[in-house]
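In the numbering used here, the protein residues as written are -8 to 242.
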């Protein structure tokens, strides 16, 4: 199977976890503490993956300067974009409670939430394609981390969308589109950087890692802490060590 097609399929699979989480949330009412527990676990998984799978690999292949620069640029881009979207109604896009505004309360917030969800998901999928460049195969730990974290993202955000009065057509169109674009992002990441210098690949990999960490701090962890409180740290730690074990097992 061509590598670009592998990137497309793995990225789409990872993005499909958002649809899975959304479907669970739409079909059943999940207790807020359960949502926050899963969210905290997913945050820990992603933190572990970006540390051991992304930043470490970027520094090894492309050097410290490219890695640090890319990481800070990625975090800065995410924060700036998130700030702009928050002012348009997407601040609480991952919240499962009643924090999300309805379209009547904040006209245009539906579009902002959709763009925000895309902003959250693309960096995670991009690194799957980049992993094929450096390792020749998708990283089991990174794939597992993205999939595991995407389920609670879709679950929590969709619960909030439902409470804000958004329709099933809107919710599943958003997540279905993002799942497809996740595959496209992974594919384009591979095609665009397949023959690129190691320093550039390291820069882009670290950029995605910086964006992911900023996303965790700004969106996932606040949702996890709101209901889970003092157990958030423990649950995130379990997620971290789970992803680390997958990393070690995968070689």
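Backbone N, C-alpha and C define an ideal beta-carbon position, used for all residues, glycine too.
For residue 21, the three-state secondary structure derived from DSSP is coil. Residue 0 and residue 22 have their C-alpha atoms roughly 32 Å apart. In the DSSP assignment, residue 56 falls within the unbroken alpha helix (DSSP H) covering 55 to 76.
If only complete runs of 4 or more residues are kept, the region 117 to 180 shows the alpha helix (DSSP H) at 131 to 154, in order along the chain.
Relative to the Cα of residue 132, the nearest Cα in the group 203, 232 and 58 belongs to 232. Cβ-Cβ distances below 6 Å link residue 193 to 49, 52, 53, 57 and 58 in the same chain, with the five nearest sequence neighbours on each side left out; the list follows chain order.
No Cβ-Cβ contact shorter than 8 Å links residue 42 with residue 215. The C-alpha of residue 213 is placed about 18 Å away from the C-alpha of residue 154. In this chain, the alpha helix (DSSP H) harbouring residue 204 covers 189 to 206. Rounded to whole angstroms, residue 115 and residue 150 show a C-alpha spacing of 22 Å.
For residue 223, the uninterrupted alpha helix (DSSP H) run begins and ends at 223 to 240, by DSSP. At a Cβ-Cβ threshold of 8 Å, residue 109 and residue 172 count as neighbours.
Between residue 181 and residue 127, the gap from beta carbon to beta carbon reaches 8 Å or more. The beta carbon of residue 8 sits closer than 6 Å to those of 138, 141 and 142, all from its chain and outside the five residues before and after it, given in chain order. Residue burial is scored here from C-beta neighbours: residue 166 has at least 16 other C-beta atoms within 10 angstroms and is therefore classed as buried.
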